[in-house]
Amino acid sequence: MLDGRRLPLWAGRTAALVGIVLVAFTLRQAVAAVSPILGAIRVDVPVSTLDVGLLGTLPPLLFAASGFTAPRVARHLGLDGGIVLALALMTVGQLVRAVAPGVAVLLLGSTVAFAGTGVGNVLLPSVVRRYFPDRVPLITALYACVIGVSTAVPAALAAPVAALYGWRSSLALWPVISAVALVPWLVVLVQQRRQRRSGPGAVETPRSGARTRPWRSRTALSITALFSTSTICTYAAFAWLPEILQDVAGSTPTQAGVLLAVTGLVSVPGALLAPLLASRPRNVGWLIATGIAGFALGYLGLLLAPATLPVLWAVLIGIGSILFPVCLVLINIRTRTHGGTVGLSGFAQGTAYALGALGPLLVGVLHDSGGGWTVPLLFLLGIALMAAIPAATLARPAFVEDELSH
Numbered sequence: 015m016l017d018g019r020r021l022p023l024w025a026g027r028t029a030a031l032v033g034i035v036l037v038a039f040t041l042r043q044a045v046a047a048v049s050p051i052l053g054a055i056r057v058d059v060p061v062s063t064l065d066v067g068l069l070g071t072l073p074p075l076l077f078a079a080s081g082f083t084a085p086r087v088a089r090h091l092g093l094d095g096g097i098v099l100a101l102a103l104m105t106v107g108q109l110v111r112a113v114a115p116g117v118a119v120l121l122l123g124s125t126v127a128f129a130g131t132g133v134g135n136v137l138l139p140s141v142v143r144r145y146f147p148d149r150v151p152l153i154t155a156l157y158a159c160v161i162g163v164s165t166a167v168p169a170a171l172a173a174p175v176a177a178l179y180g181w182r183s184s185l186a187l188w189p190v191i192s193a194v195a196l197v198p199w200l201v202v203l204v205q206q207r208r209q210r211r212s213g214p215g216a217v218e219t220p221r222s223g224a225r226t227r228p229w230r231s232r233t234a235l236s237i238t239a240l241f242s243t244s245t246i247c248t249y250a251a252f253a254w255l256p257e258i259l260q261d262v263a264g265s266t267p268t269q270a271g272v273l274l275a276v277t278g279l280v281s282v283p284g285a286l287l288a289p290l291l292a293s294r295p296r297n298v299g300w301l302i303a304t305g306i307a308g309f310a311l312g313y314l315g316l317l318l319a320p321a322t323l324p325v326l327w328a329v330l331i332g333i334g335s336i337l338f339p340v341c342l343v344l345i346n347i348r349t350r351t352h353g354g355t356v357g358l359s360g361f362a363q364g365t366a367y368a369l370g371a372l373g374p375l376l377v378g379v380l381h382d383s384g385g386g387w388t389v390p391l392l393f394l395l396g397i398a399l400m401a402a403i404p405a406a407t408l409a410r411p412a413f414v415e416d417e418l419s420h
C-alpha cells in the first residue's frame, strides 16, 4: 500500500506472492502423507500403536516449539531468511524419512520436517502482513485455501502411489515440492541484496518478532483457545481418522485415505471465504459456530452411525476446519502492528500446538485403555464444544495492543 492506495498484487512482489502460495502448499504435506500408508510402512518398519500416537503427536508438539522459537529466528534471519530455513528443514526431514531403515529414523526425519513446518506456520501470517498490508484478508484466504489443498493431495495420492511404487517413493514425492518452494524465496533474498547495495535509499529488510506479552490480552487468549480446539480436533483426525474408518466403518485403506482427503478438500471453500468474512466483526461469531458444529456433528456421526454415512462425517469434520483460517486472519486483524502480529502468531500457535499435541496421544491412550473408539470420539466431541467459550469473546471486536496498553 502506498499513501493509502492499494497496489496491484504483482507490483514488485510477484516472487513473494508465488512464494507464499508454494509455502502454503508445503505446510500439511509432511503431516498428511503418512497415516494413509501406515499399513505399507509396517511391512518394512515395525510401527506400534504407540509409534502411531507419537507420529500424530509430533506435528503439534514441534509446531508448539516453533511457535516460541520462530520469532527469535525472524529477529536473527529476517522473515524471508526464516522461511528459507523452514523450507530447507522440510526438504531434509522428508528425504530422511523416505529412506528410513527403522522407526527411530522415521521419527527423526518427521521431527526435522515438522520443525520446519512449524516455523513456516508462525512466520507466514507476518510475511503476508509485510508484503500485502493492503490485502491481508485476500492473501490469507488464498494461502489458507492452498493449505487445505496441501492436506488433500498427499492424503489422496499416498496410498495409490505406495501401492504402485512402494511407500518410500510415496514419501519421496513431497520433499521435491518443498525444494521447488525455495526458489522464489531465494529470488526475494537476491532482490533484497541488490536493494541494499543500491544506496542509502535502499529498502532494508526488517527484522521481525518484537517482544510482546500477548498472554495478558483477553483477545489473544481467546484466539489461542480457539486455535487449541482446532489443532486437537484436526490433528487427531490426521493421525487416526483412517484407522477409525477402517475399524468402525469397514473402509479399505484407500477409501479411508480418500475420506481423509475429503476433509481437506471440504475445507478449501471455507478457507477461501472465512478470512474475507472474518474481516467483518459481526461475522466472526457465526463462522466460529459453524466450525464448532462441523467438528461436533462429524465426531458424533462417527460415534453413533459410522458405517451409515462416512462421507458425510468426513465432510463435517472438514467444515470444522474453518476454525483454522478464522484464527489465521484474526491474528492479523486483531493486532495493530507488525510486531504485535509476530508476537501473537508465535504465542497463539505455540500454545495451541502444545495443547494440540495431547490430542492424538490421548486418543491413542483412550483407545488402548478402552478397547474401542467410543471414549476417544466422546473426548473429541467434548473438545469441539468447548470452543463456544472463546467464541463469545471473539464475537466482539478488540485489539491485542489496546488491551495490553491498559
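Following this note's numbering, the numbering of the sequence shown begins with 15 at its first residue and continues without gaps. All residues carry an ideal CB built from backbone N, CA and C; glycine is no exception. Nothing here was measured: the structure is a model prediction, and the numbers come from that model.
Nearest candidate by alpha-carbon position, reference residue 104, set 228, 88, 85 and 125: The residue you call residue 104 lines up with position 90 of the sequence shown. The residue with the shortest Cα to Cα distance from residue 104 is 125.
The region 71-83 contacting the region 155-164, beta-carbon criterion three pairs below 8 Å: They do not touch, by the three-pair rule.
Candidates 166, 92 and 107, of which the one nearest residue 138 by Cα: On the sequence shown, position 124 is the one that residue 138 refers to. Closest option to residue 138, Cα to Cα, is 92.
Residue 269 versus 49, 85, 98 and 31, residue with shortest Cα-Cα distance: Residue mapping note: residue 269 aligns to position 255 of the sequence shown, counting from 1. For the residues 49, 85, 98 and 31, the minimum Cα distance to residue 269 belongs to 49.
As assigned by DSSP and simplified to three states, the class of residue 254: Here residue 254 refers to the residue found at position 240 of the sequence shown. In the three-state reduction of the DSSP assignment, residue 254 falls in the helix class.
Rounded distance between the beta-carbons of residue 66 and residue 52, thought under 8 Å: Taking the first residue of the sequence shown as position 1, residue 52 is located at position 38. Taking the first residue of the sequence shown as position 1, residue 66 is located at position 52. With 8 Å as the limit, residue 52 and residue 66 qualify as a contact, their Cβ atoms being about 6 Å apart.
Distance, residue 285 Cα to residue 339 Cα: Locating residue 339 in the sequence shown gives position 325, where the first residue counts as 1. Locating residue 285 in the sequence shown gives position 271, where the first residue counts as 1. When rounded, the distance between both Cα atoms is 6 Å.
Nearest residue (CA-CA) to residue 302, options 312, 243 and 107: What you label residue 302 is simply residue 288 of the sequence shown in a count that begins at 1. Scanning 312, 243 and 107 for the CA closest to the CA of residue 302 turns up 243.
Buried versus exposed call for residue 405 [16 or more other C-beta atoms within 10 Å across all chains shown]: Start at 1 with the first residue of the sequence shown, and residue 405 comes out as number 391. Residue 405 is classed as buried because its beta carbon has at least 16 other beta carbons within 10 Å across all chains shown.
Pick from 178, 251 and 146 that is closest to residue 376, judged by C-alpha positions: Here residue 376 is taken as the residue at index 362 of the sequence shown, counted from 1. With distances taken between CA atoms, residue 376 lies nearest to 251 out of 178, 251 and 146.
Beta-carbon gap between residue 288 and residue 331 smaller than 7 Å: Reading the sequence shown from its first residue, position 274 is the one you call residue 288. Reading the sequence shown from its first residue, position 317 is the one you call residue 331. No; because the gap between Cβ atoms is not below 7 Å, this pair is not in contact.
Residues near residue 132 by beta carbon distance below 6 Å, same chain, minus five either side: Reading the sequence shown from its first residue, position 118 is the one you call residue 132. Cβ contact annotation for residue 132 (same chain, cutoff 6 Å, sequence separation greater than five): 76, 77 and 80, in chain order.
Environment of residue 162 [buried if 16+ CB atoms lie within 10 Å]: By one-based count along the sequence shown, residue 162 stands at place 148. Label assigned to residue 162: buried.
Of the residues 70, 347, 127 and 233, the one placed nearest residue 186, counting alpha carbons only: Walking along the sequence shown from the start, residue 186 turns up at place 172. Here the closest residue by C-alpha is 127.
Under the three-state DSSP convention, the category residue 322 falls into: Along the sequence shown, read from residue 1 onward, the residue named residue 322 stands at position 308. In this structure, residue 322 counts as coil in the three-state DSSP scheme.
6 Å Cβ shell around residue 33 - same chain, five flanking residues per side excluded: Within the sequence shown, numbered from 1, the residue matching residue 33 stands at position 19. Answer for residue 33: 198 and 199, listed in chain order.
Burial state of residue 191 (16 or more Cβ within 10 Å): Stepping through the sequence shown from its first residue, residue 191 is reached at position 177. The residue in question, residue 191, is buried, as its Cβ has 16 or more Cβ neighbours within 10 Å.
Residue from 394, 354 and 360 with nearest C-alpha to residue 313: Residue numbering aside, residue 313 sits at position 299 when the sequence shown is read from its first letter. Here the closest residue by C-alpha is 394.
Reduced DSSP secondary structure (H/G/I, E/B, other) of residue 146: Along the sequence shown, read from residue 1 onward, the residue named residue 146 stands at position 132. Of the three classes helix, strand and coil, the one that applies to residue 146 here is coil, per DSSP.
Pick from 143, 311, 171 and 281 that is closest to residue 399, judged by C-alpha positions: Here the question's residue 399 lines up with position 385 in the sequence shown. The shortest Cα separation from residue 399 among 143, 311, 171 and 281 belongs to 311.
Reduced DSSP category for residue 50 - H, G, I as helix; E, B as strand; rest coil: Mapped onto the sequence shown, residue 50 falls at position 36. Three-state DSSP puts residue 50 in a helix.
Simplified DSSP assignment, three categories, for residue 113: Here residue 113 refers to the residue found at position 99 of the sequence shown. Coil at residue 113, not helix or strand.
Inter-residue Cα distance where the pair is residue 140 and residue 165: The count along the sequence shown starts at 1 and reaches residue 140 at position 126. The count along the sequence shown starts at 1 and reaches residue 165 at position 151. Rounded to the nearest angstrom, the two C-alpha atoms are 22 Å apart.
Length of the line joining the Cα atoms of residue 260 and residue 72: One-based indexing of the sequence shown puts residue 260 at position 246. One-based indexing of the sequence shown puts residue 72 at position 58. For residue 260 and residue 72, the distance between alpha carbons rounds to 23 Å.
Alpha carbon of residue 121 to alpha carbon of residue 386, nearest angstrom: For the purposes of this step, residue 121 is taken as residue 107 along the sequence shown, with counting starting at 1. For the purposes of this step, residue 386 is taken as residue 372 along the sequence shown, with counting starting at 1. Each residue's Cα considered, the two are about 26 Å apart.
For residue 322 and residue 102, the rounded distance between their alpha carbons: Within the sequence shown, the letter at position 88 stands for residue 102. Within the sequence shown, the letter at position 308 stands for residue 322. Approximately 44 Å, taken between the alpha carbons.
Residue 214 to residue 299 span [Cα, whole Å]: For the purposes of this step, residue 214 is identified with residue 200 of the sequence shown, where counting begins at 1. For the purposes of this step, residue 299 is identified with residue 285 of the sequence shown, where counting begins at 1. With a pLDDT of only 48 at residue 214, under 50, the local geometry of the prediction cannot be trusted, and the value read off the model is given with reservation. Distance between the alpha carbons of residue 214 and residue 299 is about 48 Å.
Residue 275 vs residue 170 beta-carbon contact at 7 Å: For this step, residue 275 is matched to residue 261 along the sequence shown. For this step, residue 170 is matched to residue 156 along the sequence shown. Inclusion of residue 275 and residue 170 in the CB contact set at 7 Å is warranted, their separation being smaller than that value.
Backbone CA spacing between residue 167 and residue 419 [nearest angstrom]: As a working mapping, residue 167 is identified with position 153 in the sequence shown. As a working mapping, residue 419 is identified with position 405 in the sequence shown. The straight-line gap from Cα to Cα measures roughly 44 Å.
Min CB distance residue 164 to chain C below 7 Å: The displayed structure is made up of one protein chain only, and chain C is not part of it.
Counted within 10 angstroms of its Cβ, other Cβ atoms place residue 397 as buried (16 or more) or exposed: Within the sequence shown, residue 397 is the residue found at index 383, counting from 1. So residue 397 counts as buried.
Residue environment, residue 115, which counts as buried when at least 16 other CB atoms sit within 10 Å: If you number the sequence shown from 1, residue 115 lands on position 101. Around the beta carbon of residue 115, fewer than 16 other beta carbons sit within 10 angstroms, so the residue counts as exposed.
Coarse secondary structure for residue 82, derived from DSSP in three states: Counting from 1 along the sequence shown, the entry for residue 82 is found at position 68. It is helical.
Any alpha helix (DSSP H) of 4 or more consecutive residues that is wholly inside the region 166-195: Entirely contained in the region 166-195, the alpha helix (DSSP H) runs reaching 4 residues are, in chain order, 181-186.
Secondary structure, beta strand (DSSP E): runs of 3+ residues fully inside the region 274-314: Whole beta strand (DSSP E) segments, 3+ residues: zero.
Cβ shell of residue 181 (< 7 Å), same chain only, five flanking positions each side left out: Taking the sequence shown and counting its residues from 1, the one referred to as residue 181 is at position 167. Cβ within range, chain order: 51, 54 and 55.
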